[in-house]
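Number 849 in the working numbering belongs to position 85 of the sequence shown; there are no gaps in the numbering.
No residue lacks a Cβ here, since even glycine has one placed at the ideal position from N, Cα and C.
Below: one structure, written as structure tokens.
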Amino acid sequence: MKGGSLPNMGLRAMPDGPGDPRTSCSTRAGSAMRAVAVAAPDVLRAEVRALPTLGCGEVLVRVAAAGVNRHDIGQRKRGAAPAGARSDLLGLEVAGEVVESRSEAVPVGTRIAALVDGGGYAEYCAADAGLCFALPPGMDATEAAAWPEALLTAWYSTVDLGQLPSRGTLLVLGAAGGVGIAAIQMALIRGANVVAAAGSTAKREALAALGAAVSGYGDDELTKAVGAASGGRGADVILDLTGTDRAASNLALVARAGCIVHMASGELPAIALPLRALMAKGARITGGLLRPLPLAQKQQMASRVRSELWPLVGTKLRAVIDRIYPLEDAAQAHRRIESRAAIGKVVLSVSQTW
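The following block contains the structure:
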């Protein structure tokens, strides 16, 4: 991908999502903001944009930090946001201060983290009030920005889709990223046994420090680790974040009537499905994406995460931050994730850029 540091190009202000009355160009004086936008599949560039105009139930966040996700890389490579997205800009999770509000639930001045429908790679971002999480005193914005997408995706995959029993066994494949680390800690808090698989010694050491049993990807090693954690029953839920074809291996590892959940982005392979093994286990195979879900469904998940998990952030839920880059170095952040060397979250620091 071209570019290391993104220059201040002084481009003209452009509306955030033209044609949608919820995202029309603001007419307030001084409403321009700096942002990083996709110029081509391998090019990110600095732009001047108009601040997003708020719809009912939304807040405007002065962004202090933004999480970087593999979904951002997929959108960059496609060159376009998903149809109907709130913003064409990258960035699905932010932390900062509310400077304008159209919701009584989240007043101006509140320090929050939020799941957003694009727009995080900018100085200001619109967020739905129902997807905001108030920051406890002393929480750093960089840590806060690492949680919304990761926690909600972990909840959606293991609780809503996987239906992980409270004392069951969870196997996480590709566990060293933000979602995997969130899923490990969430499952442990809820009383599950967790096996986390990763490809390097450094990654496995980091996952073991969170309390998970760890394994590489060899079939014998995984079988031994899952058997020890589950008493020989197999994994009640396998959360496969690898985006690869592991169907035969996963079916050998899943418990009878268990569930295999695929959560990945980018170019994904067709899976050769061993039907006889699937039927013999009575297992389910499913998957999903968080971003396309209806707003009401995401709000319901956020409500449960807010009550059950958010009070534990910073104590039993510990953010693992791999790297922090200034917003103008978003291209370097993408390269870091694409290298597959990152352990935990890559975060952009926004408030002091430019």
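**Message:** Distance check for Arg954 and Arg1100, CA to CA, integer angstroms please.
**Reply:** Roughly 32 Å between the two C-alpha positions.
**Asked** So, is Val872 buried or exposed, given that buried needs 16 or more other C-beta atoms within 10 angstroms?
**Response** exposed
**Prompt:** Is it buried or exposed for Pro816, if we count other Cβ within 10 angstroms and need 16 for buried?
**Reply:** buried
**Item:** As assigned by DSSP and simplified to three states, the class of Tyr920
**Value:** Reduced to three states, the DSSP call for Tyr920 is helix.
**Request:** Go ahead and pull the three-state DSSP assignment for Met1027.
**Result:** coil
**Message:** Taking its Cβ as the centre, do 16 or more other Cβ atoms sit within 10 Å of Pro912, making it buried, or is it exposed?
**Reply:** Note on Pro912: 16 or more other CB atoms within 10 angstroms of its CB, so buried under the neighbour-count rule.
**Asked** Quick one: what does DSSP say Glu1102 is sitting in, helix, strand or coil?
**Response** helix
**Request:** Return the CA-CA distance between Ala989 and Cys1023, expressed in angstroms with no decimal places.
**Result:** 18 Å
**Prompt:** Of the choices Leu824, Leu818 and Ala847, whose alpha-carbon is the least far from that of Pro1056?
**Reply:** Ala847
**Prompt:** Can you name, in chain order, every residue of its own chain whose Cβ lies under 7 Å from the Cβ of Met903, other than the five neighbours on each side?
**Reply:** Gly1078
**Prompt:** When the Cα of Val1018 is compared with those of Thr987, Ala1106 and Leu824, which residue comes out closest?
**Reply:** The shortest Cα separation from Val1018 among Thr987, Ala1106 and Leu824 belongs to Thr987.
**Request:** Could you name the residues of the same chain whose beta carbon sits closer than 6 Å to that of Ser921, not counting the 5 residues immediately before and after it, in chain order?
**Result:** Leu1003, Val1025 and Met1027
**Message:** So, at 6 Å on beta carbons, what are the nonlocal neighbours of Val978 in its own chain, with the 5 sequence-adjacent residues on each side left out?
**Reply:** Ala960, Arg968, Leu971 and Ala972
**Message:** Once DSSP output is grouped into helix, strand and coil, what is the label at Gly894?
**Reply:** Here Gly894 carries a helix assignment [DSSP, helix/strand/coil].
**Distance, Ile1049 Cα to Glu861 Cα** = So the two alpha carbons sit approximately 40 Å from each other.
**Prompt:** Roughly how many angstroms separate the alpha carbons of Ser1071 and Leu879, rounded to a whole number?
**Reply:** 16 Å
**Message:** Using C-beta distances below 7 Å, list every residue in its chain close to Asn1014, excluding the 5 sequence neighbours before and after it, in chain order.
**Reply:** Ile1002, Asp1004 and Ile1024
**Prompt:** Do the segment 880–889 and the segment 812–830 touch if we need at least three Cβ pairs shorter than 8 Å?
**Reply:** yes
**Prompt:** Around the C-beta of Met725, are 16 or more other C-beta atoms found within 10 angstroms, so that it is buried, or is it exposed?
**Reply:** Because the chain here runs from 765 to 1118, residue 725 falls outside it and cannot be looked at.
**Request:** Would you give the residue range spanned by the alpha helix (DSSP H) that Ser1113 belongs to?
**Result:** Counting along the chain, Ser1113 sits inside no alpha helix (DSSP H); it lies in the beta strand (DSSP E) bounded by residues Lys1109 to Ser1113.
**Prompt:** Going by the beta-carbon positions, is the gap between Arg834 and Leu808 smaller than 8 Å?
**Reply:** no
**Asked** So is Leu1015 in contact with chain B if we call contact Cβ pairs under 8 Å?
**Response** Although the question refers to chain B, the structure presented lacks it and comprises just one protein chain.
**Message:** Taking only three categories from DSSP, how would you classify Arg1070?
**Reply:** helix
**Asked** Which parts of the segment 787–841 are runs of the beta strand (DSSP E), unbroken and 3 residues or longer, counting only runs that do not cross its ends?
**Response** 796–804, 807–814 and 822–832
**Item:** Distance between Ala801 and Ala845 (C-alpha atoms, nearest Å)
**Value:** 11 Å
**DSSP bridge partner residues for Ala977 (one or two, in chain order)** = Val959
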